[in-house]
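Residues are numbered in the numbering used here as their position in the sequence shown, beginning at 1, plus a constant of 211.
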Amino acid sequence: MAFLPKVQSCWVALGLLASGCSSVAGGTDVDLEPGVNLPDATESDTEDPDDPDDPDSATGTSGDPADDSGDPPDEPTGTSGEPSDDDGPPSCNDETIQLTVEPPHVVLLLDKSGSMVQSTWDHDGDTGTPAVTRWNSLYTVVDTLTHDVEDGIELGMVLFPSASLTQTEPSTACLVDPEPAAPVAPGNADAIVGALPGPDSLEIYGGTPVSAGMQVVLDHLAAVADGRPQAVVLVTDGAANCMAGTSGNAVFTQYDDDLAPMLAGAHAAGIPTYVVGVDILDEVGTYPVANPYERLSELAEAGGVPQPGGGDAFYNTTDEEQLLTALGGIAAELSCTIELETPAEYAAQLRVEIDGATVERVDACSPEGEGWRYLQDAAPFTSIELCPASCDLAHLQASLDVEYACIPQG
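And the structure:
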């Protein structure tokens with residue numbers, strides 16, 4: 212079993228100020244307490260664009276209008292009109308903001324369908340040990356994961372279908388409880404594990420009503436929303452069925468085509484969904500009649516956070532250790548992600564400091580390394596991830612300095 216270090220949360224409410232260009236390099240230190248907004252500029256600290264004595268006014272001393280074509284400004288010149296070695300390009304004012312470290316809201320959306328106990332798998336890659344059910348492995352991993360990360364993430368859990376089912380019949384197989392099995396809350400590991408059927412339980416029934424479960428998740432996240440980031444982690448051993456409007460055997464055989472648009476809509480609303488598969492095969496199945504590998508790949512893209520690296524779009528796990536590693540990696544990314552209120556327009560534009568020390572940008576985070584990386588492959592860059600060591604440091608310091616390089620305006 213892989214060991215997971217404690218995850219410290221570095222989700223932050225990043226209220227970056229818009230940075231303009233100034234002919235004078237300078238900096239502004241702004242300490243924000245929770246609930247305190249920055250004041251608007253007043254007349255006393257706002258330049259008059261028509262003031263002839265103001266060297267930065269629109270007309271200057273000559274009275275000629277400034278060039279507002281939008282093209283980058285010409286190269287600075289000295290008194291001779293030639294390019295000056297002394298005058299550098301305009302620089303942006305540094306904006307330093309005290310940030311509050313807040314754990315995100317994350318709901319585990321877990322598959323509790325009959326297939327989770329209908330067969331066993333080699334959970335540890337050792338033929339000398341007994342095989343166990345997929346449910347047994349999921350229980351073990353959730354127990355380990357939630358206790359490891361509960362200090363850095365406020366977790367909740369929704370099971371699909373309901374844990375109260377006693378049989379797998381079309382009329383009841385798609386029932387989902389209207390409230391989470393464990394609502395989002397801090398220090399929630401015991402509540403989550405306590406709401407799971409036991410690891411050795413074989414009394415697990417039902418279809419795979421992911422859409423119904425996802426709706427419960429979204430309703431709950433809307434109810435607890437307080438401005439901090441939110442996300443969903445879907446774990447399943449197959450493609451979704453129980454599509455709305457189906458009945459009889461079609462409840463089990465028809466794939467739920469409504470699910471991908473639902474995940475895409477949630478992502479557009481700011482709630483991404485990470486998709487984790489348990490022993491998913493790349494072949495057409497019977498319940499439903501669909502290729503689960505292709506369908507989960509589709510869901511991972513729709514959810515907005517496909518697995519990085521160019522391989523499988525979703526996290527496909529084939530044993531218990533892989534399942535724990537996948538979920539642990541997702542938890543680390545969630546707890547160390549910073550949303551940028553002002554996206555970076557090119558890769559070198561952003562500089563990150565923790566406690567006055569520059570944090571280097573890296574292409575990928577190592578398990579215990581320092582640094583930060585963009586979560587997007589190309590501009591605009593809307594979020595960054597702090598690598599584990601830097602995330603821990605930011606949590607201890609509870610502050611970050613983020614500086615944007617200037618993009619000169621004409």
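Here a beta-carbon is modelled for each residue, glycine too, at the ideal position from N, C-alpha and C.
Bear in mind the structure is a predicted one, so any value in this text is a computation, not a measurement.
So, T484 versus L445, is the Cβ gap smaller than 7 Å? Between T484 and L445, the CB-CB gap stays under 7 Å.
Please report the distance separating the alpha-carbon of A471 from that of G514. Looking at the two C-alpha atoms, the distance is approximately 8 Å.
Indicate whether the contact test is met: 3 or more Cβ pairs, each with one atom in the stretch 340-355 and one in the stretch 385-399, closer than 8 Å. No: fewer than three Cβ pairs fall under 8 Å.
Cβ separation of P599 and P578, assumed to be a contact under 8 Å, to the nearest whole Å: Indeed they touch by this definition, with Cβ atoms about 7 Å apart.
Using the beta-carbon count (16 or more within 10 Å), is A179 buried or exposed? The question about residue 179 has no answer here: the residues shown for the chain are numbered 212 through 621.
Roughly how many angstroms separate the alpha carbons of A537 and E614, rounded to a whole number? So the alpha carbons of these two residues sit roughly 32 Å apart.
Which runs of the alpha helix (DSSP H) fall wholly inside the stretch 473-561 and span at least 4 residues, in chain order? List check, alpha helix (DSSP H) in window: 503-514 and 531-546.
Environment of E596 [buried if 16+ CB atoms lie within 10 Å]: Under this definition E596 is a buried residue.
Classify S234 as buried or exposed, calling it buried when 16 or more other Cβ atoms lie within 10 Å of its own Cβ. Residue confidence is low: S234 scores 31 on pLDDT, short of 50, so the model does not pin down where it sits. No coordinate-derived value is stated.
Thinking C-alpha only, which one of P440, F371, Q329 and P381 is nearest G459? Closest by alpha carbon: P381.
What are the residues that DSSP puts in a beta bridge with Y615? Beta-bridge pairing links Y615 to L561.
Taking the alpha carbon of L320 as the point to measure from, which residue in T331, G488, N502 and Y585 has its own alpha carbon closest? Taking the Cα of L320 as reference, the smallest distance to any Cα among T331, G488, N502 and Y585 is reached at G488.
Could I get the ranges of all uninterrupted beta strand (DSSP E) runs contained in the stretch 347-389, with 3 residues as the minimum, in chain order? Complete beta strand (DSSP E) runs here, min 3: 365-371.
With a cut-off of 8 Å, do at least 3 Cβ pairs link the stretch 492-507 to the stretch 438-457? Taking a cut-off of 8 Å for Cβ pairs, the stretch 492-507 and the stretch 438-457 touch, as three or more such pairs fall below it.
Kindly list the residues whose CB is nearer than 6 Å to the CB of L604, restricted to its own chain and excluding five residues on each side of it in sequence; keep chain order. If you ignore the 5 residues before and after L604, its C-beta comes within less than 6 Å of the C-beta of I565, all in its own chain and listed in chain order.
Write down every uninterrupted run of the beta strand (DSSP E) in the stretch 412-454 whose length is 3 residues or greater and which is fully enclosed by it, in chain order. Within the stretch 412-454, the complete beta strand (DSSP E) runs of at least 3 residues fall at 441-447.
Check for me: the alpha helix (DSSP H) holding V404 runs from which residue to which? Looking at the DSSP string, the run of the alpha helix (DSSP H) that includes V404 is A400 to G405.
Using alpha carbons as the reference points, say which of L492, R584, I415 and Y557 lies closest to S326. Closest option to S326, judged by alpha-carbon separation, among L492, R584, I415 and Y557: I415.
Secondary structure, alpha helix (DSSP H): runs of 4+ residues fully inside the stretch 565-613: Those alpha helix (DSSP H) runs which fall completely within the stretch 565-613 and span 4+ residues are 599-608.
Three-state secondary structure (DSSP) at N248? Only weak support exists for where N248 lies, its pLDDT of 36 falling under 50; the coordinates are left without a value.
Rounded to whole angstroms, what's the CA-CA distance from P503 to T497? Just pull it up for me. P503 and T497 have their C-alpha atoms spaced approximately 10 Å apart.
Roughly how many whole angstroms lie between the Cα atoms of V462 and S373? V462 and S373: Cα-Cα distance of roughly 16 Å.
Kindly indicate which residue of A590, L561, C547 and C617 has the alpha-carbon position closest to the one of L607. Per the Cα distances, C547.
Thinking L356 and G540 are a contact (beta carbons under 8 Å), I'd like their distance in whole angstroms, please. Actually they do not touch by this definition, with Cβ atoms about 11 Å apart.
Just to confirm the assignment, what range does the alpha helix (DSSP H) spanning A342 have? Run containing A342: none; DSSP gives neither H nor E here.
What is the DSSP secondary structure of T338, counted as helix, strand or coil? Taken through DSSP and simplified to helix, strand or coil, T338 comes out as coil.
Touching or not, the stretch 433-442 and the stretch 402-416, by the rule of three or more beta carbon pairs under 8 Å? Proximity of the stretch 433-442 to the stretch 402-416 falls short of the contact definition, fewer than three beta-carbon pairs being nearer than 8 Å.
Where do the ends of the alpha helix (DSSP H) carrying A392 lie? No alpha helix (DSSP H) contains A392, which DSSP labels as neither H nor E.
Rounded to the nearest angstrom, what separates W346 and V516 at their Cα positions? Distance between W346 and V516, taken at the CA atoms: about 25 Å.
I need the DSSP call for T457, collapsed to helix, strand or coil. The answer is coil: DSSP assigns T457 none of H, G, I, E or B.
Is any non-hydrogen atom of the ligand PLP found closer than 6 Å to the C-beta of A451, if you look at the structure I gave you? The model on display carries no ligand, and the ligand PLP is accordingly not part of it.
Please say whether K323 and L386 have beta carbons closer to each other than 7 Å? Contact flag unset, no.
Measure how close the beta-carbons of V184 and P391 come, nearest whole angstrom, since I'm counting them as under 8 Å. Since the first residue of the chain shown is 212 and the last is 621, residue 184 is not available in this structure.
Report all residues from its chain with a CB closer than 6 Å to the CB of R562; omit the five preceding and five following residues, and keep chain order. Around R562: E614.
Give a yes or no on whether the C-beta atoms belonging to Q441 and L432 are separated by under 7 Å. Against a cut-off of 7 Å, the Cβ pair of L432 and Q441 comes out as a contact.
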